[in-house]
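Heads up: the structure comes next, in structure tokens.
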Amino acid sequence: MKKEFFDFDSAFKGKRIHAVIYQPEIPQPEIKGLVQIIHGFAEHIERYDSFMKLLAENGYIVFGDDHLGHGLTAKKNNMALTDVGSYNAFDYMLKDEWQLNQLMRQRFA
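83 is the number of the first residue of the sequence shown in the working numbering; add one for each residue after it.
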């Protein structure tokens, strides 16, 4: 299994989103599907590490990110943890999740 970290531009101007992909070490035609993990409030994507590994070991490409104000996204952008109320973050988070989904579909289609 391969684990890869990357960042992408947030819908919230000037911010970058920390993301991760887990890929099984099997040929592309044998991939069963793509699974997007979306963590909850006051969480971060690494809390789902063992679950994401399990899915990847069973043939799925699994990906997720740290939302604005969460995990390494907050740290890399000098944001307070769970600082999501002052700038309508929920709308930006939804747009970021959609963007991540589209990036993965393009990459693995």
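Glycine included, C-beta positions come from ideal geometry on N, C-alpha and C.
CA-CA distance, Asp91 to Thr155, rounds to 11 angstroms. Remark: C-beta atoms of Ile143 and Gln105 approach each other more closely than 7 angstroms. Scanning its chain for C-beta atoms nearer than 6 angstroms, with the 5 sequence neighbours on each side dropped, one finds around His149 the residues Met175, in chain order. Using a 10 angstroms sphere on the CB of Leu163, the tally of other CB atoms stays under 16, which defines it as exposed. Put simply, the backbone Cα of Phe88 is about 11 angstroms away from that of Leu182. Around the C-beta of Gly146, 16 or more other C-beta atoms lie within 10 Å, and the residue is accordingly described as buried.
When only Cα atoms are considered, Gln188 and Ala171 end up about 26 angstroms apart.
Pro109 and Met186 have their C-alpha atoms roughly 17 angstroms apart. 7 angstroms or more divides the Cβ of Met83 from the Cβ of Ala124.
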